[in-house]
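Here the sequence shown is numbered in the working numbering, starting from 125 and rising by one per residue.
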Amino acid sequence: MIDVVLGLQWGDEGKGKIVDVLTPKYDVVARFQGGPNAGHSLEFNGQKHVLNTIPSGIFHQHTINIIGNGVVIDPVTLKKEIEKVMASGVDPRKNLYISQKAHLILPTHRLVDAASEAHKGEHKIGSTLRGISPTYQDKIGRSGLRVGDIITPNFTQKYEQAVANHKQLLDRFNFTYNLAEHEPAFFEAVEFLKQFQIISSEYFLNELLQQGKKVLAEGAQGTLLDIDFGTYPFVTSSNTITGGVCSGLGVAPQKINKVYGIFKAYCTRVGSGPFPTELHNEVGEQLRKQGFEFGATTGRPRRTGWLDLPTLKYSVMLNGVTDLICTKSDVLSGFETVPVCDAYDIEGERISDIPFNFNDAPIKPLFKTFKGWHEDLTQIKTYQQLPESFKAYMTYIEEQVGLPLSVISVGPDREQTIIK
Ligand code: GDP
Ligand code: IMO
Ligand code: MG
């Protein structure tokens, strides 16, 4: 059976930490979409690690980690990541497997990403500039390069063909660039990757499932950044929802068992796009400071706001969430009140579904306000010990969403996790 961990908001919900906590129960951890736009942080023994492409089970030597076909890989970033993991004493040559069918991010994909964002000006998506959208465009346009291509004799020829197309695009954007600056590192990284286990991951994974092994699929980004159901066009270019697991790993839907849906006790977003509960005041600043809300990949300050139940319920519905996990609960200590948005007012009408014109509608969030709490939650080990006001807030979320909470995270470390 395969269980899934994914984000229910706009990313950065703490997926890396939760995957690391859950990994001892699994034989395999597999990423199914996204690429180095992701930044998944985990912390143990007083050390913080950030992973972009490598699954968050990598620090458990006996766990098999798979980068699935649905992922897009930048060899340069992956090489750097692998070297960092190696420096901490883990050898990914033993427990990392890469799908032959995963698409490659070329240096020109990153340039096209930058050119396209610059061209959009104030309408930019706020992309991480990691080349994600151009790479998925080539995949869908059937002109992409895949990891398996690197060991074929005509790889350079295929590369040159792709680059020729990208150069035309860059010229159309009138973008100045120096490709020669980027190519040596790319080809060096491609050579480096050849020492890793590059496999038909769909066969490998299905055989493991056949043997009764337990697999955890790790999502990147979040449901509200999904290409189909997110706040389009302010989204990423892959299916971040449970449906993405089937196409991103090559597993059948009936193999999927639990779906762990992760949400922060409040909301954040990096990049452009709608955010109804966003706070543009000192309370938002306090959330950013207490939650240390700066991007793990780009270092950009994250936008902050209160929890939004209409989008949370939408995400739970789309993913078939079975287990709810709340992270960053500790960050809400010290606020006089904790509001939660339970519906929107759109031109005088109370709306609880996500409207098609979510980006442009004059949305006013309608809040229910809870009394705040001041206790430090970071050392609490059981649900019973949590402050009553915090529990009232959590109970309301459970009632509204219609699911019980199974895990509450009260700090970035593995140990700061309460199983309810
Ligand atoms: P991901 O992309 O979903 O894996 O999340 P990120 O790693 O980008 O962002 C989550 C940030 O919050 C990281 O810096 C984590 O170390 C941190 N974090 C995770 N869970 C908690 C928690 O419960 N409390 C606090 N204070 N920090 C947390
Ligand atoms: P993790 O896995 C938060 C956002 C970008 C931008 C939009 C499109 O760490 O949760 P892209 O580079 O994909 O073309 O950017 O999506 N974005 C993320 N925001 N967490 C992420 O990943 C993100 N990956 C992309 O900020 O708004
Ligand atoms: Mg992140």
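The beta carbon of each residue, even a glycine, is placed where N, CA and C say it ideally should be.
All figures in this text were calculated on a predicted structure; none of them were measured in a lab.
In terms of side-chain proximity, the C-beta atom of L294 is found no nearer than 7 Å to any non-hydrogen atom of the ligand IMO.
The C-beta distance from D136 to T187 rounds to 23 Å, too long to meet the 8 Å contact threshold. Cβ contact annotation for A239 (same chain, cutoff 6 Å, sequence separation greater than five): L294, F297 and F299, in chain order. Taking 7 Å as the cut-off, the C-beta of G131 counts as close to a heavy atom of the ligand GDP.
By the criterion of at least three beta-carbon pairs nearer than 8 Å, the segment 398–417 is not in contact with the segment 241–258. The three-state secondary structure of D352, taken from DSSP, is coil.
Measuring C-alpha to C-alpha distances from F494 to each of Y327, V462, F156 and I521 identifies V462 as the nearest. Per DSSP, reduced to three states, the secondary structure at T435 is helical.
Contact between R155 and G192 holds: CB atoms are separated by about 6 Å, below the 8 Å threshold. In terms of side-chain proximity, the C-beta atom of S533 is found no nearer than 7 Å to any non-hydrogen atom of the ligand IMO. D500 and D454 have their C-alpha atoms some 7 Å from each other. Of L349, E307, G194 and V214, the smallest CA-CA separation from Y260 is found for G194. Under the Cβ criterion (8 Å, minimum of three pairs), the segment 159–179 does not count as touching the segment 365–373. Fully contained in the segment 390–448 are the following beta strand (DSSP E) runs of length 3 or more, in chain order: 391–393 and 427–429. According to the DSSP secondary-structure assignment, H227 is paired through a beta bridge with V196 and R270. Rounded to the nearest whole angstrom, the CA to CA distance from C391 to K282 is 43 Å. Remark: the C-beta of V445 is outside contact range of the ligand GDP, defined as less than 7 Å to any heavy atom. When distances are taken from the beta-carbon of D136 to the heavy atoms of the ligand MG, the shortest one is below 7 Å. Judged by pairs of C-beta atoms under 8 Å, the segment 507–527 touches the segment 431–438, as three or more such pairs exist. The C-alpha of F279 lies about 27 Å from the C-alpha of L329. Short of 8 Å from the beta carbon of K139, and not among the five residues preceding or following it, lie these beta carbons of its own chain, in chain order: V129, L130, G131, H164, S180, E342, G343, A344 and I386.
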